[in-house]
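Under UniProt numbering, the first residue of the sequence shown carries the number 1, and numbering increases by one thereafter.
Heads up, the beta-carbon is just placed ideally off N, CA and C, and yes, glycines get one too.
These numbers come from a predicted model, not from an experiment.
Everything on this sheet refers to the single structure shown next.
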Amino acid sequence: MAVPKRKHSISRTRQKRDAHYKRVRVHAVKTSDDKAYKRPHVEEYIEL
C-alpha cells in the first residue's frame, strides 16, 4: 500500500524556483516632470 511521504521543508530546487514570489515590490516613483514613473535606484538622486 502506498504510504504518503512525511511532511518536510521545501526542497532546494523549489526554494530557488519560488524565490521570485517572495521578492519585495518595487516602489514606482513619479519623475520630476510628472510624465512617467520609474524605479528608484539607490545611487541616483530621486526628485519627488
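Quick check on DSSP: helix, strand or coil for residue i?
| i | result |
| --- | --- |
| K22 | coil |
| K16 | helix |
Residue i bridges to which residues according to DSSP?
| i | result |
| --- | --- |
| K38 | V29 |
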